[in-house]
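If you count the sequence shown from 1, you need to add 72 to reach the working numbering.
All C-beta atoms in this analysis are idealised placements derived from N, C-alpha and C, irrespective of residue type, glycine included.
Source: prediction; values computed, not measured.
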Amino acid sequence: MSELKARMTDDMKSAMKAKDKPTLKAIRMILGAIKQREVDERIELDDMQVLSVVQKMVKQRKDSISQFKEANRIDLVDVEEAELVVINNYMPEQLSDAEVSTAIDKAIADTGAFSMQDMGKLMGLLKSKLDGKTDMGVVSGLIRSKFS
Numbered sequence: 073m074s075e076l077k078a079r080m081t082d083d084m085k086s087a088m089k090a091k092d093k094p095t096l097k098a099i100r101m102i103l104g105a106i107k108q109r110e111v112d113e114r115i116e117l118d119d120m121q122v123l124s125v126v127q128k129m130v131k132q133r134k135d136s137i138s139q140f141k142e143a144n145r146i147d148l149v150d151v152e153e154a155e156l157v158v159i160n161n162y163m164p165e166q167l168s169d170a171e172v173s174t175a176i177d178k179a180i181a182d183t184g185a186f187s188m189q190d191m192g193k194l195m196g197l198l199k200s201k202l203d204g205k206t207d208m209g210v211v212s213g214l215i216r217s218k219f220s
């Protein structure tokens with residue numbers, strides 16, 4: 073069992089003992105998504121694969137929040153935001169914009185990229201370094217702004 077998954081299981085037990093229903097619900101949802109992927113692929117997920125499941129859930133929550141805000145469903149926004157807080161506990165510490173910008177500048181220097189045509193090379197290099205530590209959509213936007 074991966075360390076991250078074991079930590080989630082321990083947190084689930086703590087939430088059960090504390091009778092913290094919102095946290096318990098969110099952790100069960102995460103563990104359910106992990107279990108679903110394990111069953112689908114017939115493998116035991118390692119920490120990186122568990123992290124990718126958690127990242128997907130974060131993205132889903134953010135999308136849901138924006139949709140619910142547009143529909144003026146504040147009750148559902150509150151539920152999604154509460155789940156997002158719990159899910160973010162299992163994400164690695166996020167890099168600041170300055171650190172991301174520095175990583176992009178270094179990748180541009182390393183690859184010799186000079187136009188938007190080189191964005192694929194840059195994103196490939198940066199994805200391996202920054203995945204899980206920042207939103208890759210933000211990275212893409214920063215690269216676009218540097219080349220325009």
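Where residue i falls: helix, strand or coil (DSSP)
i: residue 112; result: helix
i: residue 190; result: helix
i: residue 203; result: strand
i: residue 185; result: coil
i: residue 168; result: coil
i: residue 84; result: helix
i: residue 160; result: helix
i: residue 173; result: helix
Terminal residues of the alpha helix (DSSP H) in which residue i lies
i: residue 128; result: 119–142
i: residue 92; result: Note, residue 92: premise wrong, no alpha helix (DSSP H); not H, not E.
i: residue 208; result: 208–219
Beta-carbon separation (whole angstroms), residue i vs residue j, contact threshold 8 Å
i: residue 84; j: residue 99; result: 4 Å
Residue environment, residue i, which counts as buried when at least 16 other CB atoms sit within 10 Å
i: residue 201; result: exposed
i: residue 152; result: buried
i: residue 155; result: buried
i: residue 206; result: buried
i: residue 80; result: buried
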